[in-house]
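Student: The structure's right below; bear with me while I get my questions together.
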Amino acid sequence: MKVKVNKDTCIGCSLCADNCPDVFKMDGDLAVVIADMVPSEAEDTTRETAQNCPVEAITIED
Ligand code: SF4
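For the sequence shown, our numbering begins at 548 and goes up steadily by one.
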């Protein structure tokens, strides 16, 4: 599973980096994806985090 952050949409709330630090980190005011492939044990958390992003900036690619 792969995941992307839309940098034009992200508002830098840091929710994803806080909830799922194996996959996302903050780079200044934007979240970036640090995992090329989401580790299988982090998939559920990543899906949940994508759903909880307040501006729907996270896209899951199966
Ligand atoms: S949860 Fe969404 S808006 Fe917040 S930092 Fe992550 S990608 Fe950006």
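For glycine and all other residues, C-beta sits at the position ideal for the given N, C-alpha and C.
DSSP on A597, reduced to helix/strand/coil?
Tutor: The residue you call residue 597 lines up with position 50 of the sequence shown. The answer is helix: DSSP assigns A597 an H, G or I state.
Student: Using DSSP bridges, identify the partner residues of K549.
Tutor: As a working note, residue 549 is residue 2 in the sequence shown. Looking at the DSSP assignment, K549 forms a beta bridge with E608.
Student: Determine, using beta carbons only, whether V580 and F571 come nearer to each other than 8 Å.
Tutor: Taking the sequence shown and counting its residues from 1, the one referred to as residue 580 is at position 33. Taking the sequence shown and counting its residues from 1, the one referred to as residue 571 is at position 24. The answer is yes: Cβ separation under 8 Å.
Student: Let me know the secondary structure DSSP gives D555 once reduced to three states.
Tutor: Position 8 of the sequence shown holds residue 555. In the structure shown, D555 sits in coil (DSSP, three-state: anything other than H, G, I, E or B).
Student: On the premise that A578 lies in contact with A564, defined as a C-beta separation below 8 Å, what is that separation, rounded to the nearest angstrom?
Tutor: For the purposes of this step, residue 564 is taken as the residue at position 17 of the sequence shown. For the purposes of this step, residue 578 is taken as the residue at position 31 of the sequence shown. Indeed they touch by this definition, with Cβ atoms about 6 Å apart.
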